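Per my numbering: the sequence shown = residues 41 to 155. Ideal placement from N, C-alpha and C gives every residue a C-beta, glycine not left out. It should be emphasised that the depicted structure is a prediction, and the values quoted were computed from it without experimental measurement. The block underneath contains the structure these notes are about, expressed in structure tokens.
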Amino acid sequence: MMLIGYASKKLQKICTKEKDAKKALPEEAATQIFRRLADLEAFNNLSEIPFQAPPLRFHPLREDRTGQFGITIHGLQRVCFRPVGGFSTDEEGNVVLASVTCVEITFVGNYHSYG
41 MMLIGYASKK LQKICTKEKD AKKALPEEAA TQIFRRLADL EAFNNLSEIP FQAPPLRFHP
101 LREDRTGQFG ITIHGLQRVC FRPVGGFSTD EEGNVVLASV TCVEITFVGN YHSYG
């Protein structure tokens with residue numbers, strides 16, 4: 041079972057309290073976030089999550105979120121997280137997904153910027 045922590049109290053409230061999720065997210069995302077986090081928690085490590093497969097669409101992030109990963113909540117809404125605790129990296133510095141059993145939620149919402 042994946043352990044999930046939060047980068048802030050505000051993120052923890054959004055991810056654990058329906059009232060706070062409804063304030064912070066669009067309606068459909070606010071109802072889906074709890075299911076997505078339960079899905080994430082059910083895996084033993086990150087290597088068990090299929091890449092890009094619905095509904096999670098697990099993927100590594102780039103640019104200012106390098107080192108983090110994302111899963112889809114609904115539409116463009118995402119849960120972003122980073123590995124924490126004792127995990128391994130390969131010779132190139134990439135995270136060995138099978139070694140990640142604990143993550144920290146760093147962002148919830150739409151990080152996409154088009155335009």
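Item to complete: Can you tell me which of GLY107, ILE113 and GLN108 puts its alpha carbon nearest to the alpha carbon of ALA93?
Response: Among GLY107, ILE113 and GLN108, the Cα nearest to that of ALA93 is on ILE113.
Worksheet item: Run through DSSP, which three-state label would THR106 get?
Response: Correct three-state label for THR106: coil.
Practice prompt. State the DSSP-derived secondary structure class of LEU137, mapped to helix, strand or coil.
Written response: The DSSP-derived three-state label of LEU137 is helix.
Practice prompt. Return yes when the Cβ of VAL148 is within less than 9 Å of the Cβ of VAL124, no when it is not.
Written response: Taking 9 Å as the cut-off, the beta carbon of VAL124 is found no closer than this to the beta carbon of VAL148.
Worksheet item: Alpha carbon to alpha carbon, what distance is there between LYS59 and GLU131?
Response: Approximately 44 Å between the Cα atoms of the pair.
Worksheet entry | Proximity winner among GLY115, PRO95, LEU80 and THR56, relative to ARG122 (alpha-carbon distances) | ARG122 has its Cα closest to that of LEU80, out of GLY115, PRO95, LEU80 and THR56.
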